[in-house]
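Scroll down for the structure; my scribbles are underneath it.
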């Protein structure tokens with residue numbers, strides 16, 4: 041197993057996607073300034089075909105469509121413009137969804153016929169109203185056509201949040217440490233991890249208290265926008281599409297370390313005492329590396345069994361992990377703690393590559409043609425040659441959902 045290429049980007053990488061397993065790669069990163077977004081197309085050998093820079097974007101957001109159009113969200117004309125960039129680097133079209141004062145296009149996904157967008161509060165300095173006070177719009181989820189026409193828009197009420205693990209002390213507790221009473225967040229944002237997922241006719245949109253990290257996931261009907269159900273407030277975590285209309289919602293922090301499975305009615309159907317970057321293969325098997333930011337813990341690669349129990353895989357060192365991929369033989373590959381690791385279908389670990397590297401901003405793991413593995417480490421895109429087989433099919437995030445980086449699964453259960 042060898043390191044085949046290392047390519048430095050202008051700034052921290054936010055997304056790497058590929059239209060096909062043969063490439064090319066679409067890399068979305070910060071620019072030299074954190075207020076810039078840079079989009080780069082390059083081949084698997086690292087040669088750049090073209091590069092475009094967008095000013096003032098703040099948090100780079102992009103999604104790749106199946107036809108090779110990369111959609112970028114950037115500020116323009118007092119709002120957020122969605123611009124489609126063709127494989128040759130030219131502009132396909134621009135769409136400017138109507139927005140409300142003080143709100144930000146915080147996450148989006150590409151549908152067959154348009155966009156699904158999660159809106160939340162813009163940064164405070166960008167949402168000042170005419171009277172000098174910051175506007176505080178409620179978050180919402182909306183669906184649009186390719187032309188930007190709104191089909192539906194659903195307001196989201198996070199409500200008062202709390203969790204038994206969130207402790208505090210004050211005069212009202214007699215200066216004893218006790219669980220905090222429920223509070224209404226001053227500012228609501230989309231969740232950091234997988235904030236917007238679409239599976240068949242269901243949307244999972246996750247919003248959180250921007251200061252406390254306690255949030256909820258709202259399940260909506262894709263056709264009309266009605267809220268089907270919502271999770272109880274909990275520390276946020278990693279999420280995944282588990283099947284047609286089904287989702288895995290993880291929770292970590294404040295003593296919480298769980299993953300729950302929800303069906304298309306928003307009902308909890310399974311719960312495991314584990315949390316991590318999980319894969320769901322074509323047979324519905326859930327597995328992946330655990331993510332627990334607790335020094336006393338011993339995280340493992342786990343398989344989440346149908347009866348709510350855990351099947352132990354190998355122990356893991358470190359914490360920061362690239363989101364894994366799986367080949368057709370059931371081998372999972374990911375970068376963790378300076379090593380490219382593989383865990384086969386029998387849960388046997390294999391170290392494919394190692395180097396002295398402690399970077400903690402890691403992207404997704406892409407499994408491409410001829411066993412080539414690509415991931416991002418902070419501001420660098422790295423590629424490895426391995427003996428892994430072709431990319432597996434499955435709801436998450438195998439198949440095209442992995443390569444395109446667009447968290448949408450069709451009615452068949454596959455991207």
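In our numbering, the protein residues as written are 41 to 455.
Think of the CB as a built atom: it goes at the ideal place given N, C-alpha and C, for glycine as much as any other residue.
Inset, instruction - Measure the Cβ-Cβ separation of residue 383 and residue 358 and say whether it is below 8 Å. - result: Their beta carbons are not under 8 Å apart, which means residue 383 does not touch residue 358 by this criterion.
Inset, instruction - Would you mind working out which of 421, 136 and 310 sits nearest residue 346, comparing C-alpha positions? - result: Checking every option, the nearest Cα to that of residue 346 belongs to 310.
Legend entry - Option in 127, 151 and 296 with minimal Cα separation from residue 332: When C-alpha distances from residue 332 are compared across 127, 151 and 296, the shortest belongs to 296.
Inset, instruction - In angstroms with no decimal places, state the Cα-to-Cα distance between residue 107 and residue 53. - result: In this structure, the alpha-carbon of residue 107 lies about 23 Å from that of residue 53.
Inset, instruction - Might you give, ordered along the chain, the residues of its own chain that have their beta carbon closer than 8 Å to the beta carbon of residue 42, omitting 5 neighbours on each side? - result: 393, 424 and 425.
Inset, instruction - Return the residue from the list 146, 133 and 445 that minimises the CA-CA distance to residue 162. - result: The residue among 146, 133 and 445 with its C-alpha nearest the C-alpha of residue 162 is 146.
Inset, instruction - Would you give the residue range spanned by the beta strand (DSSP E) that residue 261 belongs to? - result: For residue 261, the enclosing beta strand (DSSP E) covers residues 254 to 261.
Inset, instruction - Give the DSSP bridge partners of residue 144, in chain order. - result: Its beta-bridge partners are 160.
Inset, instruction - With DSSP collapsed to three states, give me the class of residue 213. - result: Reduced to three states, the DSSP call for residue 213 is helix.
Inset, instruction - Measuring alpha carbon to alpha carbon, tell me which of 436, 247, 135 and 323 ends up nearest residue 364. - result: Among 436, 247, 135 and 323, the Cα nearest to that of residue 364 is on 436.
Legend entry - Range of the contiguous beta strand (DSSP E) that encloses residue 134: Counting along the chain, the unbroken beta strand (DSSP E) around residue 134 starts and ends at 131 to 135.
Legend entry - Residue from 402, 148, 288 and 239 whose Cα sits closest to the Cα of residue 277: For the residues 402, 148, 288 and 239, the minimum Cα distance to residue 277 belongs to 288.
Legend entry - Contacts around residue 148, its chain only, beta-carbon distance under 8 Å, and the 5 residues preceding and following it disregarded: So the qualifying residues of the chain are 101, 103, 111, 113, 122, 155, 156, 157, 158 and 236.
Inset, instruction - Please check the pair residue 316 and residue 342, which I expect to be a contact at CB under 8 Å, by giving their CB distance rounded to whole angstroms. - result: Right, the Cβ-Cβ distance comes to about 7 Å (below 8 Å), so this counts as a contact.
Inset, instruction - Determine the burial state of residue 143: buried for a count of at least 16 other Cβ atoms within 10 Å of its Cβ, exposed for fewer. - result: Counting Cβ neighbours within 10 Å, residue 143 comes out buried, since at least 16 surround it.
Inset, instruction - Find out if the Cβ-Cβ distance for the pair residue 227, residue 211 is shorter than 8 Å. - result: No, these two residues do not count as a Cβ contact at 8 Å.
Inset, instruction - Assign residue 348 to buried or exposed, taking buried as 16 or more other Cβ atoms, counted over all protein chains shown, within 10 Å of its Cβ. - result: With fewer than 16 neighbouring CB atoms inside 10 Å of its own CB, residue 348 falls in the exposed class.
Inset, instruction - Figure out for me which residue from 290, 285 and 184 has the closest Cα to the Cα of residue 256. - result: Of the residues 290, 285 and 184, the one whose Cα lies closest to the Cα of residue 256 is 290.
Inset, instruction - Keeping to the same chain, check which residues put their C-beta closer than 7 Å to that of residue 271; ignore five residues upstream and five downstream. - result: Closer than 7 Å at the Cβ level, and outside the excluded window around residue 271, lie 256, 257 and 289.
Legend entry - Closest by C-alpha distance to residue 91, when choosing among 99, 98 and 80: Nearest of 99, 98 and 80 to residue 91, Cα basis: 80.
Inset, instruction - Work out the CA separation of residue 224 and residue 458 for me, nearest whole Å. - result: With the chain running from 41 to 455 in the structure shown, residue 458 is simply not present.
Legend entry - DSSP state of residue 441 mapped onto helix, strand, coil: In the three-state scheme derived from DSSP, where H, G and I count as helix and E and B as strand, residue 441 is classed as helix.
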